[in-house]
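Colleague:
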Amino acid sequence: MKKIFTIGAFVVVATVTTIILTAGISNDRYNGGGKDLVQELYEQAVKQNDALETIEDDIDKFYKKRQEALEKYNAYHSYHSRYYQDAKSTAAGITDMAAKQRANDIITQSETRYNARIANWQSAIATLTASEKELNGLHSLLKIMISEAMIDKSQSSGLPDNAKAKEVNGDVQKIIEKIKAITK
């Protein structure tokens with residue numbers, strides 16, 4: 013009986029402590045609801061800083077220009093790549109070995125010429141891709157640097173007073189003492 017009473021008293025103390033510690037606390041300020049807080053803080057900073065806003069506008073313009081620049085090439089390349097896939101498939105269906113070999117030779121020579129024609133584009137795309145990766149990395153670094161300064165300020169000025177927690181701890185200790193006196 014004494015053991016059950018002790019367990020029951022512990023449950024009551026734990027419940028009361030949880031209720032007291034969490035009463036009146038709103039997590040809205042500290043809970044982003046699953047949002048990326050780095051991004052959220054950075055977006056706030058962009059609204060308040062013309063230089064950051066200009067950078068964001070420039071990045072948006074870059075992606076639009078990139079899309080425009082690659083759109084026609086991608087359609088061109090897709091069309092010609094499809095031709096070579098279909099031509100190889102058609103050649104595979106030729107049963108006469110000499111004719112099949114001649115078809116494959118024609119396809120190979122044509123594809124080699126095509127690859128030479130698009131080499132400049134392939135090089136430009138590789139350079140663009142590398143530059144885009146660098147841009148993304150630096151953009152992420154910028155977001156972290158800006159948001160870290162904001163979060164540091166929040167940490168310095170926003171730490172709540174712990175007087176209530178100390179008071180609650182004193183209250184729970186009194187409850188524990190009362191229960192200990194009963195359960196001796």
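Here this note's numbering runs 12 ahead of the position in the sequence shown, where the first position is 1. Backbone N, C-alpha and C define an ideal beta-carbon position, used for all residues, glycine too.
DSSP three-state label for Gly182, please.
Modeller: Note: Gly182 maps to helix in three-state DSSP.
Colleague: Can you tell me whether Tyr54 is buried or exposed? The criterion is at least 16 other CB atoms within 10 Å of its CB, across all chains shown.
Modeller: Buried, since its Cβ has 16 or more Cβ neighbours within 10 Å.
Colleague: Does the pairing of the region 142 to 149 with the region 112 to 129 give three or more beta-carbon distances under 8 Å?
Modeller: They do not touch, by the three-pair rule.
Colleague: What does the alpha-carbon distance come out to for the pair Thr66 and Ser90?
Modeller: C-alpha separation (whole angstroms): 35 Å.
Colleague: What is the DSSP secondary structure of Thr124, counted as helix, strand or coil?
Modeller: Correct three-state label for Thr124: helix.
Colleague: May I ask you to report which of helix, strand or coil DSSP gives Lys191?
Modeller: Note that residue 191 corresponds to Ile in the displayed sequence, not to Lys. Helix at Ile191.
Colleague: May I have the straight-line CA-CA distance separating Ala193 from Gln185, to the nearest angstrom?
Modeller: Their backbone Cα atoms lie some 12 Å apart in a straight line.
Colleague: Fully enclosed by the region 84 to 133, which beta strand (DSSP E) runs are 3 residues long or longer?
Modeller: As far as the region 84 to 133 is concerned, it has no whole beta strand (DSSP E) run of at least 3 residues.
Colleague: Give me the Cα-Cα distance between Ile211 and Tyr95, rounded to the nearest whole angstrom.
Modeller: As displayed, the chain neither begins before 13 nor continues past 196, which places residue 211 out of reach and without an answer.
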